[in-house]
């Protein structure tokens, strides 16, 4: 295949290896937690997934603003790629949180402000992706989705602050002061690796979307050419 | 879009109308966010009440579905392992309330931990819980030498079942 594709596959292999290594490190270095035992290890996937999702929606936000200012298609395509990754990561956060919640809280789900606002964030960006597939005209699609991307991002600080602003079942954010040493590095390393995974996925989706646009442009050209030859 | 160059006057009108609609939509979303932030959730839609808050409701506190949150009062737990019947008190520092719940509590349930119960305050003054949730703090602690996390739960339920 093309050189960039080979490089992409190699990078993909490295990213997977990093992910496996970081997870093994987290699991191997942390003793059973005093209260919840080994359930604590879900922290190494649930929390990094949430942080990486916030970051992905941050990219959507910045790229949407840049698109509205500069009107460059690349900004729109990058925003769309980041939104796809953000939706997957938010879905993961919800699913993993639910799996963690059942044994610790006793319930899979409850409509507390943290869980509700996260679900709203998920739905907003699923809507963002749905909007993109409904609108065919590229510039109109880019403008509308930029508006949704910017407004949708406003929910991220609400999700983050929800545990401080309102009463929730979900605990407030942990810090190194509330987390003992054996768990801190496992969490940090996995957070960094999740961000690398996020960046990798966004890049691959972005490259794919550029190829997609090229194909569309060629098809349009060909359609015009055959039309012209008939006249 | 393709018809815009052909009908410039009509297209311009359409554009203004669409822009108006966009502003309307954006405005509605912003007002919605603002309402959630400043009003709604903040005051009226409280996720759970403390025992003091529920008591302060007076007669309106009874026989209505609420979520109650507080700390499990140490040594108030009575567990009947045969009948799967659990009784304990929750408190918020000033008020304590008796809670009755059916079924085994979640693994993290123990003295001094925060819990949320869904149900209704019976006229007897005992809160009848249909759903018991344990609220985990943001602390993650390594166990002490020789301490096994699973023992905490078993100790609690076994000793209280005697």
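Chains as they are written, first to last, in my numbering: chain A, 354 to 584; chain B, 298 to 459. Glycine included, every Cβ here is placed at the ideal spot set by N, Cα and C. Remember, it's a predicted structure, so these values are computed and weren't measured experimentally.
Between residue 417 of chain A and residue 559 of chain A, the CB-CB gap reaches or exceeds 8 Å. For residue 486 of chain A, the enclosing alpha helix (DSSP H) has its first and last residue at 466-487. The continuous stretches of beta strand (DSSP E) do not include residue 490 of chain A, and DSSP gives it neither H nor E.
Just so you know, the alpha carbons of residue 567 of chain A and residue 383 of chain A end up roughly 49 Å apart. With a threshold of 8 Å between beta carbons, residue 371 of chain B makes no contact with chain A.
Here the alpha carbons of residue 398 of chain A and residue 466 of chain A stand approximately 21 Å from one another. For residue 383 of chain B, not one C-beta of chain A is nearer than 8 Å to its own C-beta. With respect to the 8 Å criterion, residue 433 of chain B and residue 457 of chain A are classified as neighbours on the basis of their beta carbons. Residues are counted here when their Cβ sits less than 7 Å from a Cβ of chain B; for the stretch 463-486 of chain A these are 463, 465, 466, given in chain order. Each of A:378, A:431, A:503 was checked against the Cα of residue 326 of chain B, and the nearest Cα belongs to A:503. Between the stretch 429-447 of chain A and the stretch 400-420 of chain A, the count of Cβ pairs shorter than 8 Å is three or higher; the stretches touch. Annotation: Cβ neighbours of residue 524 of chain A in chain B (cutoff 9 Å, chain order): 432, 433, 434, 435, 436.
At a cut-off of 8 Å, the C-beta of residue 378 of chain B has no neighbouring C-beta in chain A. Going by C-alpha positions, residue 517 of chain A is about 10 Å away from residue 511 of chain A. Taking CB atoms only, residue 313 of chain B has no neighbour in chain A less than 8 Å away. Contact annotation: the stretch 548-555 of chain A touches the stretch 366-383 of chain A, with at least three C-beta pairs closer than 8 Å.
What residue 533 of chain A touches in chain B, judged by beta-carbon distance under 8 Å, is 437, 438, 439, going in chain order. With 16 or more other CB atoms across the displayed protein chains lying within 10 angstroms of its CB, residue 389 of chain B is buried. Excluding five sequence positions before and after residue 500 of chain A, none of the CB atoms of its chain fall closer than 6 Å to its own CB. One alpha carbon belongs to residue 422 of chain B, the other to residue 359 of chain B, and they sit about 8 Å apart. Interface residue (Cβ-Cβ distance to chain B less than 8 Å): residue 519 of chain A is classified as such. Beta bridge pairing from DSSP links residue 390 of chain B with no other residue. Inclusion of residue 368 of chain B and residue 385 of chain B in the CB contact set at 8 Å is not warranted, their separation being larger than that value. Assignment of residue 414 of chain A by DSSP, reduced to helix, strand and coil, places it in the helix class. Just measuring C-alpha positions, the residue of B:329, B:424, B:437, B:344 sitting nearest residue 393 of chain B is B:424. For the options A:400, A:432, A:542, A:364, the alpha carbon positioned closest to that of residue 505 of chain A is the one of A:432.
Neighbours of residue 457 of chain A in chain B, taken as residues whose beta carbon is under 8 Å from its own, are 403, 404, 405, 431, 433 in chain order.
Contact of residue 361 of chain B with chain A is not assigned, every C-beta pair being separated by 8 Å or more. DSSP links residue 364 of chain B through a beta bridge to B:415. Distance between residue 386 of chain A and residue 540 of chain A, taken at the CA atoms: about 14 Å. Beta-bridge pairing by DSSP links residue 398 of chain B to B:383, B:426. When 8 Å is used as the limit between beta carbons, residue 321 of chain B is near no residue of chain A, the shortest such separation being about 12 Å. With contacts defined as CB atoms closer than 8 Å, residue 374 of chain B and residue 346 of chain B fail to qualify as a contacting pair. Under the Cβ criterion of 8 Å, residue 414 of chain B is not counted among the residues facing chain A. For residue 555 of chain A, the closest of A:405, A:388, A:579 by C-alpha to C-alpha distance is A:405. Listed by position along chain A, the residues whose Cβ is nearer than 7 Å to that of residue 326 of chain B are 504.
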